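Single-structure report; data block below.
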Amino acid sequence: MLKAGVERELLNKFKRVTMMKNKWFFLLIGVLMVSLTLPQQRKIRVYMVGDSTMANKAANKFPETGWGQVFNEYFNSSVTIFNHAQNGRSTKSFINEKRWQVVLDSLKQGDYVFIEFGHNDEKVEKPAVGTTLDEFRTNLIKYVSEARAKKAIPVLLTPVERRSFKDGQLADSHGKYPDVIREVAKEYKVPFIDMQLKSRATLVSVGEGPSAKLFLQGDSGVLANYPKGVKDNTHFNQDGAKTMAGLAAQGVKELNLPLAKYLK
């Protein structure tokens with residue numbers, strides 16, 4: 001009798017343990033099924049197209065840095081930056097080299113496309129890159145309309161200003177090209193960041209001499225990658241790139257784009 005009672009008790013304990021294990025097993029399965037049916041938050045994707053002032057730089061060009069290279073530092077981990085900007089490109093050559101098509105093929109609904117050209121379009125003496133103002137306008141409209149056709153969000157930016165001081169005054173180095181961008185942005189109701197005016201204000205505020213510290217500048221023997229020295233008033237060092245990226249981030253906030261909620 002005693003042995004039979006012990007056996008029954010052990011059997012009951014085994015059943016209880018088994019039921020408990022089954023309960024947790026099915027609970028776990030339920031949680032997994034619910035998690036799989038919940039919509040997964042997709043990363044916010046920002047594509048960047050432009051020229052050398054925006055482009056990523058090779059290690060052997062350090063400290064030269066494009067502002068698009070450090071733009072991600074202003075966003076939290078929900079945002080992924082795809083910087084397709086390339087040295088020496090214009091609205092024309094970026095299209096002709098199929099670089100725009102690569103971006104276009106990657107775009108999904110809700111992606112952002114930051115478009116900043118002008119530095120090379122204005123070089124009309126170079127047929128491969130130079131564009132007339134009318135061609136520039138046509139190309140910008142193409143970028144905007146094709147991005148929108150993919151349900152992406154284009155953002156137009158004027159080109160950042162060169163450090164070109166004359167008699168203590170900062171010269172306008174882009175002619176009428178920025179005005180074309182402003183006109184297209186207004187006419188087609190495109191989110192717009194005036195990087196030319198923002199960068200001009202920054203350079204003037206910092207001053208002619210001190211503003212050199214934002215650009216790729218160094219005397220002979222100072223920079224390892226430029227042993228003979230370098231004096232570049234168009235391209236940025238790390239500090240300059242971060243400053244320009246900060247101005248772009250400021251523009252995102254001023255526009256109150258949905259992207260702004262991911263700013264740090």
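Per the UniProt record's numbering, residue 1 is the first one in the sequence shown, and the count goes up by one each step. Glycine included, every Cβ here is placed at the ideal spot set by N, Cα and C. It should be emphasised that the depicted structure is a prediction, and the values quoted were computed from it without experimental measurement.
Confirm, please, whether the CB-CB distance from residue j to residue i is below 8 Å.
i      : j      : result
Val144 : Pro154 : yes
Val70  : Val46  : no
Gly175 : Phe117 : no
Ile44  : Leu259 : yes
Val184 : Leu140 : yes
Gly66  : Ser52  : yes
Lys264 : Phe75  : yes
Alpha carbon to alpha carbon, how far is residue i from residue j?
i           : j      : result
Leu156      : Leu216 : 26 Å
Ser211      : Arg162 : 11 Å
Ile115      : Trp100 : 11 Å
Val102      : Gly251 : 26 Å
Lys242      : Val124 : 30 Å
Pro127      : Tyr188 : 28 Å
Val222      : Gly229 : 7 Å
Ser205      : Phe165 : 13 Å
Ser199      : Gly207 : 12 Å
residue 303 : Arg148 : Residue 303 lies beyond the stretch modelled for the chain, which goes from 1 to 264, so this question has no answer here.
Thr138      : Phe94  : 14 Å
Lys253      : Ile181 : 20 Å
Counting C-beta neighbours from all protein chains within 10 Å, is the total for residue i 16 or more, i.e. buried, or is it exposed?
i      : result
Leu27  : Residue placement at Leu27 cannot be trusted, given a pLDDT of 48 that sits under 50; the coordinates are not used to answer.
Ala245 : buried
Ala224 : exposed
Lys151 : exposed
Pro227 : exposed
Ala59  : exposed
Lys120 : Looking at the sequence shown, residue 120 is not Lys but Asn. Per the 10 Å Cβ criterion, buried.
When you compare the CB of residue i with every CB in chain C, is at least one pair closer than 8 Å?
i     : result
Ala55 : In the displayed structure, chain C is absent; only one protein chain is listed.
With DSSP as the reference, label residue i as helix, strand or coil.
i      : result
Tyr188 : coil
Glu161 : coil
Leu197 : helix
### Task
State whether the region 130-139 contacts the region 162-170, with contact taken as three or more CB pairs (one from each stretch) at a distance under 8 Å.
no
### Message
For the structure I just gave you, are there three or more beta carbon pairs, one from the region 180-200 and one from the region 81-100, closer than 8 Å?
### Response
no
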